[in-house]
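As they're listed, the protein sequences go chains G and A. If you count by the working numbering, then the first sequence holds residues 1 to 332, one letter each, in order. If you count by the working numbering, then the second sequence holds residues 1 to 377, one letter each, in order.
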Amino acid sequence: MNYETLLIGLAGVLAAAAPIIFAVLGETISERAGVINLSMNGTILLTAMSGFAVAYTTDSLFWGFLAGMLIGALVSLVVAFASITLKQSQVAIGFVLALTSRDLAYFLGNPFMGVPGPRLQAMPIPFLSDIPILGPLFFKQEASTYISFLAIVLAWLWVFRTRPGLMLQGIGEKPAAAYIRGANVNFMRYVYTVVGGALIGLAGPTYSLGVRAGWMGTISGLDGIGWIALSITIFGGWNPARAAFGAYLFAFLQWLGLVLQPVLTQVPSQVLQVAPFPLMILTLLLVNIGDAEWVSRTLAAMPESARKFFTKFLRAMRASPPAALGVPFERD
Amino acid sequence: MRSKLSTLFDALLPVIATLAALAVGTVMLLLLKVNPIEAYAALWDGAFGSANSFAETLVKATPLLLVALGICISFRGDVINIGGEGQMIVGAVLATWVGLTFTEAPGWLIIALALVAGFVGGGIWGGIPGVLKAYFNVNEILSTVMMNAIAVQLMNFLLRGPMIDPAQAELASKIPQTARLIDEFHLARLAPTRLHAGALIAVVLAVVVYILLWRTIWGYRIRAVGQNPHASRYAGIKVSRYMVLALLLSGAFAGLAGAVQVYGVNYRMITDGSASGFTGSAGFNGIVAALFGQLHPLWSIPASILFGALLVGANKMQRVVQVPSALITVLNGLVVVFVVSSEIWRHRRQRRRLAAAGEEEAQPKPDQPQVQKEAGQ
Chain G
1 MNYETLLIGL AGVLAAAAPI IFAVLGETIS ERAGVINLSM NGTILLTAMS
51 GFAVAYTTDS LFWGFLAGML IGALVSLVVA FASITLKQSQ VAIGFVLALT
101 SRDLAYFLGN PFMGVPGPRL QAMPIPFLSD IPILGPLFFK QEASTYISFL
151 AIVLAWLWVF RTRPGLMLQG IGEKPAAAYI RGANVNFMRY VYTVVGGALI
201 GLAGPTYSLG VRAGWMGTIS GLDGIGWIAL SITIFGGWNP ARAAFGAYLF
251 AFLQWLGLVL QPVLTQVPSQ VLQVAPFPLM ILTLLLVNIG DAEWVSRTLA
301 AMPESARKFF TKFLRAMRAS PPAALGVPFE RD
Chain A
1 MRSKLSTLFD ALLPVIATLA ALAVGTVMLL LLKVNPIEAY AALWDGAFGS
51 ANSFAETLVK ATPLLLVALG ICISFRGDVI NIGGEGQMIV GAVLATWVGL
101 TFTEAPGWLI IALALVAGFV GGGIWGGIPG VLKAYFNVNE ILSTVMMNAI
151 AVQLMNFLLR GPMIDPAQAE LASKIPQTAR LIDEFHLARL APTRLHAGAL
201 IAVVLAVVVY ILLWRTIWGY RIRAVGQNPH ASRYAGIKVS RYMVLALLLS
251 GAFAGLAGAV QVYGVNYRMI TDGSASGFTG SAGFNGIVAA LFGQLHPLWS
301 IPASILFGAL LVGANKMQRV VQVPSALITV LNGLVVVFVV SSEIWRHRRQ
351 RRRLAAAGEE EAQPKPDQPQ VQKEAGQ
């Protein structure tokens with residue numbers, strides 16, 4: 001492989017990661033506020049379908065993306081209403097919504113199966129795209145990819161560097177304390193769940209209008225991405241920057257699978273297709289293993305130097321969820 | 001003390017939930033400008049209208065019930081198994097392999113072996129996430145979902161390669177399917193319909209699971225771990241072991257559902273590339289049925305029949321009045337959310353009463369269990 005194709009491939013990884021980044025950031029924000037949006041897998045499919053359908057009908061990409069965001073927000077509003085106001089199980093409602101919106105996407109998307117529609121074009125940024133290496137890598141992308149770069153930075157700054165972000169952390173960690181500090185916990189949870197949902201809703205159109213343009217129904221290959229995004233959220237430790245890293249890592253591994261396929265011809269194609277899933281399980285394992293009882297016991301029995309190394313490694317991998325994740329807030 | 005009235009109300013909740021969901025459905029049908037009476041009549045007719053349609057309902061209900069039985073075990077143990085689809089597939093693959101390999105053996109032996117193979121295959125596929133959760137703290141919702149994806153690719157690989165029908169292998173079309181099981185290996189038909197002995201097996205197993213959960217020490221421990229892992233640990237129960245057991249059994253029943261589907265309905269495995277192409281989403285809908293049956297194996301029987309009927313009837317409704325059968329999925333969802341939420345309310349009331357009683361005795365309380373938090377990751 002020569003240098004140019006490598007650059008194009010890596011630029012493709014950045015683009016392919018964009019929808020996952022939207023989904024992961026949306027979920028991170030929502031979970032930071034204490035609400036798990038388990039409907040993500042269905043939402044991505046539904047917004048991919050509806051984003052494409054709207055863009056196709058109106059012949060406007062803008063309306064397509066907007067429709068995706070609105071529908072994403074709407075689904076998350078159901079999650080928020082059921083879990084915050086009705087105090088129902090977030091896992092149950094999210095799971096049911098994941099199935100329902102997936103079925104809806106396949107059913108309602110039928111008329112749009114395989115029709116050629118509008119799609120995003122690459123938008124090189126003048127001057128910046130001429131920089132060697134960095135130019136073709138970062139600045140010859142589609143608009144959605146630029147927005148994904150921006151979203152990572154903004155989400156990180158918001159969570160860790162602003163007052164409302166501090167409050168957001170409080171709502172997810174210690175809602176009672178945040179309440180005493182004057183935060184309207186349930187209202188803010190609504191806001192963040194819906195904003196997170198809108199971000200997740202951006203993921204669908206980014207697929208159907210960009211990365212994998214068009215709507216192909218059940219063979220779109222999008223089913224399952226939401227679950228992967230969910231595990232990347234955990235891998236990311238509810239930190240937007242680390243979550244984005246996870247998304248890039250996943251997209252990179254997928255690309256690697258494609259590149260390696262012609263080289264490793266004796267390996268069945270299914271192995272490379274399936275590789276991201278065991279790898280995600282492995283990363284989840286590394287993230288969580290530090291909490292296991294037997295690990296700390298084993299560590300204690302190790303010689304000093306090895307223990308130091310492993311402890312450091314496990315601590316770096318470790319991520320603990322917001323303390324009030326999934327727990328409804330009640331004043332009492 | 002709970003009054004008789006509230007006990008009655010709790011028992012009737014699923015019925016009330018169904019009626020409420022149907023009422024919402026009526027509104028939706030009216031919005032779609034469809035006569036709801038006509039639509040529901042078509043639904044009823046499709047599900048119960050004739051001996052044949054009722055048999056179809058039971059055929060659809062069978063895998064739902066088997067998956068639901070496993071879900072009763074795992075959810076009672078507070079482990080969330082969303083991997084029913086994958087477990088069904090692996091169970092079915094292993095069972096099909098048995099039937100295609102030992103063609104000389106007597107039918108009853110092969111059927112028995114195949115069902116065991118399905119049970120084992122599903123058990124392995126459920127046991128892996130169980131071990132990952134119990135010993136490595138990996139969230140089981142995510143790992144079971146990932147295991148689904150792996151199972152689908154495994155099936156696609158096997159059905160296109162090593163297990164492909166020799167007849168198809170020679171054709172250009174190369175439809176990814178296995179050879180057909182010989183007639184001696186088919187599960188017996190119960191009536192001149194498609195209803196097969198798998199339905200009976202499922203009902204018998206429902207009783208077995210009931211006994212397991214409420215009349216044996218293992219069942220007691222699984223439930224104890226599910227209700228309070230900390231207290232269980234203090235009581236000397238090996239919590240990790242019972243978590244694995246719960247997920248393993250849960251997967252095993254889903255695997256059995258897959259085996260029964262092959263030996264009772266399809267007589268071969270065929271893939272369209274997705275999981276639901278083989279399972280008909282029974283791995284997911286079984287969860288719905290179990291939740292509706294309030295995670296009780298015996299109540300799961302009528303619940304599975306209800307959802308089987310909804311699925312069969314929805315097709316008829318779609319044909320007759322031209323409404324999306326997705327409407328039924330939405331109704332299913334509404335029913336479940338309603339039932340689950342009422343369950344949670346009841347649990348919370350109960351817990352509050354217990355907490356109030358506990359504080360009076362001024363006992364030191366163990367740390368708040370992490371269950372809720374973990375369930376959501």
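Don't be surprised by glycine CBs; every beta carbon is placed ideally from N, CA and C.
Thinking C-beta only, is residue j closer than 7 Å to residue i?
{"i": "G277/A", "j": "E85/A", "result": "no"}
{"i": "L247/A", "j": "G126/A", "result": "yes"}
{"i": "L104/G", "j": "L46/G", "result": "yes"}
{"i": "A80/G", "j": "T193/G", "result": "yes"}
{"i": "A55/G", "j": "P118/G", "result": "yes"}
{"i": "S384/A", "j": "I73/A", "result": "Examination of residue 384/A is not possible in this model, given that chain A is present from 1 through 377 alone."}
{"i": "A300/G", "j": "P19/G", "result": "no"}
{"i": "G77/A", "j": "I222/A", "result": "yes"}
{"i": "V75/G", "j": "T100/G", "result": "no"}
{"i": "R268/A", "j": "Q153/A", "result": "no"}
{"i": "A199/A", "j": "A92/A", "result": "no"}
{"i": "L311/A", "j": "K60/A", "result": "yes"}
{"i": "L66/A", "j": "L256/A", "result": "yes"}
{"i": "V35/G", "j": "R189/G", "result": "yes"}
{"i": "G264/A", "j": "L187/A", "result": "yes"}
{"i": "Y287/G", "j": "F245/G", "result": "Residue 287/G is actually Val in this sequence, not Tyr. No, they are not a contact pair."}
{"i": "A292/G", "j": "N137/A", "result": "yes"}
{"i": "V24/G", "j": "T233/G", "result": "yes"}
{"i": "I171/G", "j": "A33/G", "result": "yes"}
Below 8 Å on the Cβ atoms is my contact criterion, and I expect residue i with residue j to pass it. Report the Cβ-Cβ distance as a whole number of Å.
{"i": "F252/G", "j": "P276/G", "result": "With a Cβ gap of about 10 Å, F252/G and P276/G do not count as contacting."}
{"i": "I289/G", "j": "E27/G", "result": "About 22 Å separates the two Cβ atoms, so there is no contact after all."}
{"i": "F52/G", "j": "L209/G", "result": "6 Å"}
{"i": "L95/A", "j": "V330/A", "result": "The question names Leu, yet the displayed sequence has Ala at residue 95/A. With 8 Å as the limit, A95/A and V330/A do not qualify as a contact, their Cβ atoms being about 34 Å apart."}
{"i": "K174/G", "j": "A323/G", "result": "7 Å"}
{"i": "L245/A", "j": "W218/A", "result": "7 Å"}
{"i": "A303/A", "j": "G293/A", "result": "4 Å"}
{"i": "I29/G", "j": "I152/G", "result": "Not confirmed; about 12 Å, so no contact."}
{"i": "L108/G", "j": "M49/G", "result": "7 Å"}
Is it the case that the CB of residue i approaches a heavy atom of the ligand PLP more closely than 6 Å?
{"i": "T96/A", "result": "As for the ligand PLP, it is missing from this structure, which has no ligand bound."}
Taking DSSP as the reference, what is the three-state secondary structure of residue i?
{"i": "Q294/A", "result": "coil"}
{"i": "A122/G", "result": "strand"}
{"i": "R189/A", "result": "strand"}
{"i": "A323/G", "result": "coil"}
{"i": "L254/G", "result": "Checking the sequence shown, residue 254/G turns out to be Gln, not Leu. In this structure, Q254/G counts as helix in the three-state DSSP scheme."}
{"i": "K373/A", "result": "Residue placement at K373/A is poorly supported in this model, since its pLDDT is 40, which falls under 50; the coordinates still yield a value, given next. In the structure shown, K373/A sits in a helix (DSSP, three-state: H, G or I)."}
{"i": "G264/A", "result": "helix"}
{"i": "E140/A", "result": "helix"}
{"i": "R315/G", "result": "helix"}
{"i": "G236/A", "result": "coil"}
{"i": "Q88/G", "result": "coil"}
{"i": "P366/A", "result": "Its pLDDT being 44, under 50, P366/A is placed unreliably by the model, and nothing is read from it."}
{"i": "I82/A", "result": "coil"}
{"i": "L10/G", "result": "helix"}
{"i": "Q266/G", "result": "coil"}
{"i": "I270/A", "result": "strand"}
{"i": "Q177/A", "result": "strand"}
Determine the chain D residues that contact residue i at a beta-carbon separation under 9 Å, and present them in chain order.
{"i": "T279/A", "result": "Checking the listed chains, one finds no chain D in this structure; the protein chains it contains are G and A."}
Open item on the list: Give me the subset of the stretch 130 to 141 of chain A whose CB atoms are less than 8 Å from a CB atom of chain G, sorted by chain position.
Closed with: Residues of the stretch 130 to 141 of chain A with a Cβ closer than 8 Å to any Cβ of chain G, in chain order: L132, Y135, F136, N137, V138, N139 and I141.
Task: Stretch-stretch touch, CB-based, cutoff 8 Å, three pairs: the stretch 264 to 278 of chain A with the stretch 102 to 111 of chain A - done: no
- [ ] Quick one: which residues of the stretch 267 to 293 of chain G get their C-beta closer than 7 Å to a C-beta of chain A? List them in chain order.
- [x] For the stretch 267 to 293 of chain G, which is checked against every Cβ of chain A, the residues closer than 7 Å are P268, Q270, Q273, V274, F277, P278, M280, I281, L284, L285, N288, I289, D291 and A292.
- [ ] Take every Cβ of the stretch 301 to 310 of chain G, pair it with every Cβ of the stretch 228 to 240 of chain G, and state whether three or more of those distances are shorter than 8 Å.
- [x] no
Task: Contact between the stretch 161 to 178 of chain G and the stretch 211 to 225 of chain G (3+ Cβ pairs under 8 Å) - done: no
Task: Cβ contact (3+ pairs, closer than 8 Å) linking the stretch 31 to 41 of chain A and the stretch 314 to 331 of chain A - done: yes
Task: Cβ pair count under 8 Å reaching 3, the stretch 134 to 154 of chain A against the stretch 77 to 95 of chain A - done: The stretch 134 to 154 of chain A is in contact with the stretch 77 to 95 of chain A.
TODO: Please determine if the stretch 85 to 100 of chain A and the stretch 179 to 187 of chain A are in contact, where contact requires at least 3 C-beta pairs separated by less than 8 Å.
DONE: yes
Open item on the list: So if I threshold CB-CB distances at 9 Å, which residues from the stretch 283 to 302 of chain A count as touching chain G?
Closed with: F284, N285, I287, V288 and L291
TODO: Count the CB pairs spanning the stretch 282 to 302 of chain A and the stretch 205 to 212 of chain A that are closer than 8 Å, and state whether there are at least three.
DONE: A contact exists between the stretch 282 to 302 of chain A and the stretch 205 to 212 of chain A.
Task: Positions along the stretch 200 to 220 of chain A whose CB lies within less than 9 Å of some CB in chain G - done: none
Open item on the list: Counting only Cβ-Cβ distances shorter than 7 Å, please list the residues of the stretch 96 to 123 of chain A near chain G, keeping chain order.
Closed with: none
- [ ] Anything in the stretch 224 to 248 of chain G with a Cβ closer than 7 Å to a Cβ of chain A? List those residues in chain order, please.
- [x] G224, W227, L230, S231 and I234
TODO: Check distances from the C-beta atoms of the stretch 206 to 224 of chain G to those of chain A and list, in chain order, the residues that come in under 8 Å.
DONE: Residues T218, I219, D223 and G224.
Open item on the list: So if I threshold CB-CB distances at 9 Å, which residues from the stretch 55 to 76 of chain A count as touching chain G?
Closed with: none
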